[in-house]
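One structure below.
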Ligand code: SF4
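Residue numbers (our numbering): 22 to 268.
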C-alpha cells in the first residue's frame, strides 16, 4: 500500500503517524487530543434530497451523504449542511521570501506570510508536502488563526503579501477568501499557489480579491494527470486561461 493511501485510511482508524515538516508550526496531534476543527458553512454547494449535498468548489463535484467527507478530507456533510473543517485552522505558517513561492515578478525582494491548512483535492505521487496535504486535519497539529489575525500578523511582520500555499488553497477557499479581504484592507497583497483544480465560479470570485495566482501545470497530457496526479488536465488549462484573462 502506498504511504499516502495508508495515511488516508489511518484517518478513519484514528492512527497518527510521525512527520518532519518544513514549517514552523506543523507537527502531529497526539492520541487523545480532541480535534480542533471548525464548523463554518461551506460555500459553493447544493443541498439535495435525503440530506445529501453536492460540492461545486472543484471539478470532483463530490456528492455526499450525511456524515461523509469530500475527497479533500476537510469538508463534511453534517445533517445536510456542508461545512469546512479548516476555517481559521492553520497547520503551517512561515515568513518566506516571495521568490520561494515561487513568484519572481511580484513584489520582488519582499517577504510573504505563507499559510496553509491540511488537505488537497488531488493526490500527486511526487507531492513534497504530502504530510500535510494528504491527511485529514485531525491527523496533524494546527492552531487557531482567524482571518483578521492572519492579516494582522502579516502586516505586523512587515510582509508585503500573504501566500496561500504548501497544500491546495482551493480546499480552504472560505478561509483564504476572508483572509484575503481583510489583508487587502491593511494594504497586504494576496498570492495563491494552486494546482488549478477549481470551478470557474469560485475562481472568478477569488480573482476579484487576490493579486497574483501561480497555477502548477504538473504535466502536458491527461494520461499523466490520471496516472500521477489523480486529477484532470482540462480544468487546470481552463483555470490558467481564466487567470490569464483576468489581468
Ligand atoms: S473541494 Fe473537496 S469536497 Fe469539494 S468537490 Fe473538491 S474534493 Fe470534493
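Glycine residues also receive a C-beta, built at the ideal position from the N, C-alpha and C atoms.
Test item: CB-CB of residue i and residue j under 7 Å
| i | j | result |
| --- | --- | --- |
| residue 185 | residue 209 | no |
| residue 183 | residue 136 | yes |
| residue 207 | residue 168 | no |
| residue 95 | residue 158 | yes |
| residue 87 | residue 72 | yes |
| residue 220 | residue 79 | yes |
| residue 146 | residue 249 | yes |
| residue 128 | residue 59 | no |
| residue 106 | residue 98 | no |
| residue 119 | residue 178 | no |
| residue 175 | residue 134 | yes |
| residue 254 | residue 243 | yes |
| residue 68 | residue 101 | yes |
Contacting residues, own chain, Cβ-Cβ under 8 Å from residue i (five flanking each side not counted)
| i | result |
| --- | --- |
| residue 189 | 93, 140, 141, 142, 143, 154, 215, 216 and 218 |
| residue 226 | 198 |
| residue 47 | Note that residue 47 scores 40 on pLDDT, short of 50, meaning its location in the model is unreliable and no value can be drawn from it. |
Burial state of residue i, where buried means 16 or more other Cβ atoms lie within 10 Å
| i | result |
| --- | --- |
| residue 149 | exposed |
| residue 195 | buried |
| residue 262 | exposed |
| residue 165 | exposed |
| residue 229 | exposed |
| residue 121 | exposed |
| residue 247 | exposed |
| residue 70 | exposed |
| residue 130 | exposed |
| residue 91 | buried |
| residue 110 | buried |
7 Å Cβ shell around residue i - same chain, five flanking residues per side excluded
| i | result |
| --- | --- |
| residue 25 | Reliability of the predicted coordinates at residue 25 is poor, the pLDDT of 47 falling under 50, and the value obtained from them is presented with this limitation in mind. Hits under 7 Å: 144, 151 and 155. |
| residue 108 | 59, 61, 195 and 196 |
| residue 260 | 217, 219, 224 and 236 |
Nearest-angstrom Cβ-Cβ length linking residue i and residue j, presumed shorter than 8 Å
| i | j | result |
| --- | --- | --- |
| residue 63 | residue 104 | 6 Å |
| residue 234 | residue 192 | Residue 234 to residue 192, Cβ: 16 Å. No contact. |
| residue 66 | residue 222 | Rounded, the Cβ-Cβ distance is 12 Å, inconsistent with contact. |
Proximal residues to residue i (C-beta, below 6 Å), its chain only, five neighbours per side dropped
| i | result |
| --- | --- |
| residue 231 | 201, 211 and 213 |
| residue 252 | 143, 218 and 246 |
Practice problem: Starting from the N-terminal side, write out each stretch of the beta strand (DSSP E) that is 3 residues or longer and does not extend beyond the stretch 90-150. | Solution: 96-99, 102-105, 113-118 and 132-137
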